[in-house]
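Residue numbers (my numbering), protein chains in the order written: chain G, 1 to 110; chain F, 111 to 224. For each residue, glycine too, the CB sits at the ideal point set by N, CA and C. To start, the structure itself, in structure tokens.
Here you go:
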């Protein structure tokens, strides 16, 4: 089992739709969680940190379920510019590594 | 504010040639530093990480090496490149003094070994 697993994708979604990404992690000692966005041939960029209480930033909502070891990212009213690969990242604070999911590619169609 | 510089942006090298990629961070001290490689259409593979000067941890045995000669400088090297070394190389830094350690990336180096 992979340490961090994401939906394989790609997701082809019409503009304006709501899209949800799922991510599961295997290490129950994981303490920090993030969503990154990576545009084609570019470096990953931090989109959101994920907090236990859930957090929202405009059209983006991230949630964490520690009991199920599950993280989600919801994008509402999707825009063409949201097309990218979304990466789920998990950190176990006792070591210095970030464990990356393989990413889910999102394609927003007009 | 903190910035990370990585160069060159693209590189084409013949098989068997040496490699040196450099990464520097500004605006912070004692960062954790990382080298990743990403094959086309794949996820990030951690190659090396460093929590301090001269401290290097290797995740994947291969013909690459890393060094951290200064606090905010991280270098990825190879003595002889293989075709399989082609890929997108990313340097990243994270704060070393906080529990929530988001990573921030340089622009990456796209290496093609021919």
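Presumed contact (8 Å Cβ cut-off) between residue i and residue j, rounded CB distance
| i | j | result |
| --- | --- | --- |
| residue 134 (chain F) | residue 112 (chain F) | That belief does not hold up - the Cβ atoms of residue 134 (chain F) and residue 112 (chain F) are roughly 11 Å apart, past 8 Å. |
| residue 15 (chain G) | residue 78 (chain G) | 6 Å |
| residue 204 (chain F) | residue 140 (chain F) | 11 Å between Cβ atoms; not a contact. |
| residue 110 (chain G) | residue 80 (chain G) | 6 Å |
| residue 101 (chain G) | residue 38 (chain G) | About 11 Å separates the two Cβ atoms, so there is no contact after all. |
| residue 47 (chain G) | residue 60 (chain G) | 7 Å |
| residue 166 (chain F) | residue 176 (chain F) | 5 Å |
Proximity below 7 Å, CB of residue i to CB of residue j
| i | j | result |
| --- | --- | --- |
| residue 193 (chain F) | residue 223 (chain F) | yes |
| residue 107 (chain G) | residue 10 (chain G) | yes |
| residue 35 (chain G) | residue 73 (chain G) | yes |
| residue 201 (chain F) | residue 214 (chain F) | no |
| residue 218 (chain F) | residue 114 (chain F) | no |
| residue 90 (chain G) | residue 33 (chain G) | yes |
| residue 116 (chain F) | residue 198 (chain F) | no |
| residue 196 (chain F) | residue 156 (chain F) | no |
| residue 4 (chain G) | residue 25 (chain G) | yes |
| residue 160 (chain F) | residue 182 (chain F) | no |
| residue 85 (chain G) | residue 103 (chain G) | yes |
| residue 191 (chain F) | residue 123 (chain F) | yes |
| residue 92 (chain G) | residue 30 (chain G) | yes |
C-beta neighbour in chain G for residue i, strict 7 Å
| i | result |
| --- | --- |
| residue 217 (chain F) | yes |
| residue 200 (chain F) | yes |
| residue 186 (chain F) | no |
| residue 140 (chain F) | no |
| residue 150 (chain F) | no |
| residue 122 (chain F) | no |
| residue 119 (chain F) | no |
| residue 212 (chain F) | yes |
| residue 153 (chain F) | yes |
| residue 161 (chain F) | yes |
Chain F contact for residue i (CB, 7 Å cutoff)
| i | result |
| --- | --- |
| residue 102 (chain G) | yes |
| residue 10 (chain G) | no |
| residue 64 (chain G) | no |
| residue 96 (chain G) | yes |
| residue 5 (chain G) | no |
| residue 56 (chain G) | no |
| residue 43 (chain G) | yes |
| residue 80 (chain G) | no |
| residue 46 (chain G) | yes |
Boundaries (first-last residue) of the beta strand (DSSP E) holding residue i
| i | result |
| --- | --- |
| residue 62 (chain G) | 60 to 65 |
| residue 57 (chain G) | 55 to 57 |
| residue 129 (chain G) | The structure shown has nothing for residue 129 (chain G), since chain G only spans 1 to 110. |
| residue 71 (chain G) | 70 to 75 |
| residue 147 (chain F) | 142 to 148 |
| residue 45 (chain G) | 45 to 50 |
| residue 84 (chain G) | 84 to 91 |
| residue 138 (chain F) | Counting along the chain, residue 138 (chain F) falls outside any beta strand (DSSP E), and DSSP gives it neither H nor E. |
| residue 167 (chain F) | 165 to 168 |
Assigned exposure category for residue i - 16 Cβ within 10 Å defines buried
| i | result |
| --- | --- |
| residue 18 (chain G) | exposed |
| residue 70 (chain G) | exposed |
| residue 144 (chain F) | buried |
| residue 188 (chain F) | buried |
| residue 40 (chain G) | exposed |
| residue 28 (chain G) | exposed |
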